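Numbering (UniProt numbering), first residue to last: 1 to 340.
Below is the structure:
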């Protein structure tokens with residue numbers, strides 16, 4: 001017979017209510033007792049039924065059967081503009097859409113707009129009945145401030161977007177490595193033979209060099225006439241970029257930076273007449289570019305699915321083996337390239 005709350009209570013010498021709270025990692029039970037109960041449950045092979053647990057929670061709170069709980073998107077960007085760019089807006093729409101499909105609601109917190117101490121933020125989250133957090137960047141110095149660590153002990157939490165250095169939270173990200181590889185394959189299919197990658201080195205760094213990695217692998221895989229090393233884009237580096245282009249003469253450039261098109265036009269280099277251009281994070285507003293759609297909408301939905309799973313399993317705190325879901329990109333044809 002499988003173990004129950006009552007049988008675990010007898011073995012642990014505590015009440016069934018204590019067992020129930022400890023298995024939910026409720027902070028009203030001391031950390032020592034929670035650890036002892038959870039180890040006992042694992043040893044005895046106890047498996048909670050998440051559906052029953054959710055129904056009991058709804059009865060206790062008087063909620064309808066359609067409503068499950070509230071999730072939160074925590075935008076940690078230091079500048080408000082970073083919390084309002086197209087990727088984040090797409091994540092917002094998708095997370096709310098997916099949450100609604102599954103009976104959840106989503107609250108949004110923009111720390112650049114409403115700075116809050118971690119203790120205050122935790123209090124607000126608990127008051128609103130929030131059970132899980134989707135945390136987005138960009139993160140300062142490629143890290144989540146240590147002061148927010150207590151939140152991961154109290155709530156289920158995941159990262160959406162680039163993973164901060166050394167994080168132990170599970171995450172959902174675009175498959176940047178294969179995004180570049182697929183862009184290179186499309187460039188070769190169109191007949192281009194002298195590709196170049198032009199991205200900011202800091203962007204590549206926070207993406208764990210997956211952009212450069214995908215590019216260099218495809219340089220080895222496909223038969224190219226020229227194999228140029230990646231060019232480091234800098235916002236103030238127009239003259240350096242123009243000089244590099246005239247010296248190296250790539251026939252197609254993979255980039256994240258739309259301004260290089262104007263830089264090229266200043267030296268009478270037009271796309272697609274003289275050079276092909278591929279944007280590695282294509283969006284509908286870039287109708288005059290070809291590129292890779294990173295499917296941010298699907299990433300937002302996947303983040304909600306991952307977080308709800310953690311809530312059902314009562315998973316809080318950092319994981320020794322964090323998971324990562326990667327989202328595939330799709331090629332978007334456009335007038336910045338042509339068949340060679």
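We put the CB at the ideal spot given by N, CA and C, even for glycine.
From a predicted model like this one, the values you see are computed outputs, not experimental measurements.
Backbone CA spacing between residue 105 and residue 125 [nearest angstrom]: 13 Å
Please check the pair residue 263 and residue 247, which I expect to be a contact at CB under 8 Å, by giving their CB distance rounded to whole angstroms. 15 Å between Cβ atoms; not a contact.
Between the C-alpha atoms of residue 2 and residue 39, what's the straight-line distance to the nearest angstrom? 16 Å
Is residue 174 helix, strand or coil when you go by DSSP? strand
Looking at the strands, I want to know which residues DSSP matches up with residue 232. 199
Would you mind sorting residue 202 into buried or exposed? The rule is 16 or more other CB atoms within 10 Å of its CB. exposed
Would the beta-carbon of residue 214 fall within 9 Å of that of residue 299? no
What ranges does the beta strand (DSSP E) occupy inside the UniProt domain "HTH lacI-type" (3–57), keeping only unbroken runs of at least 3 residues that lie completely in it? none
Thinking C-beta only, is residue 258 closer than 9 Å to residue 410? Examination of residue 410 is not possible in this model, given that the chain is present from 1 through 340 alone.
Taking buried to mean at least 16 other C-beta atoms within 10 Å of its own C-beta, is residue 45 buried or exposed? exposed
Residue closest to residue 323, alpha-carbon to alpha-carbon, out of 168, 20 and 23: 168
Who are the Cβ neighbours of residue 87 in its own chain at under 6 Å, not counting the five residues just before and after it? 296
Cutting at 6 Å between CB atoms, please list the residues of its own chain near residue 291, excluding the five before and the five after it. 278, 279, 282 and 332
What whole-angstrom Cβ distance do residue 306 and residue 158 have, given they're in contact under 8 Å? 5 Å
On the three-state DSSP scale, how would you describe residue 255? strand
Residue 13 and residue 68 look like a contact to me (Cβ under 8 Å); what is the Cβ gap, rounded to whole Å? With a Cβ gap of about 34 Å, residue 13 and residue 68 do not count as contacting.
At what residue ranges does the segment 104–158 contain a whole run of the beta strand (DSSP E), taking only runs of 3 or more? 105–110 and 130–136
Member of 132, 72 and 97 whose CA lies at the smallest distance from the CA of residue 109: 72
Less than 9 Å between the beta carbons of residue 294 and residue 212, yes or no? no
Confirm, please, whether the CB-CB distance from residue 190 to residue 78 is below 9 Å. no
Whole-angstrom distance between residue 156 and residue 267, CA atom to CA atom: 53 Å
What beta strand (DSSP E) runs, 3 residues minimum, are completely inside the segment 261–293? 276–282 and 290–293
Have a look at residue 133 and residue 233 and give me their C-alpha separation to the nearest angstrom. 34 Å
Out of 256, 194 and 118, which one is the CA nearest neighbour of residue 207? 256
Apart from the five residues just before and just after residue 118, which ones in its own chain have a Cβ nearer than 7 Å to its Cβ? 147, 148, 150 and 151
Once you ignore the five residues that flank residue 276 on each side, which residues in its own chain have a CB closer than 6 Å to its CB? 192, 252 and 337
Using a 10 Å radius around the Cβ and a threshold of 16 neighbouring Cβ atoms, would you call residue 310 buried or exposed? buried
DSSP has residue 75 in a bridge; who is on the other side? 110 and 136
Please find out if some non-hydrogen atom of the ligand SAM comes closer than 8 Å to the beta-carbon of residue 322. The ligand SAM is absent from the structure shown, which contains no ligand whatsoever.
According to the Cβ coordinates, are residue 163 and residue 217 closer than 9 Å? no
Collapsed DSSP secondary structure at residue 219 in the structure displayed: helix
Looking at residue 41 and residue 8, is the spacing between their C-beta atoms short of 9 Å? yes
Exposed or buried, which one is residue 383 when buried takes at least 16 other CB atoms within 10 Å? Summary: the structure shown does not reach residue 383, with the chain confined to residues 1 through 340, and so no result is reported for it.
Along the alpha helix (DSSP H) that carries residue 87, what are the first and last residues, could you check? 86–101
Can you tell me where the beta strand (DSSP E) with residue 244 in it begins and where it stops? Careful: residue 244 lies outside any beta strand (DSSP E), inside the alpha helix (DSSP H) at 238–248.
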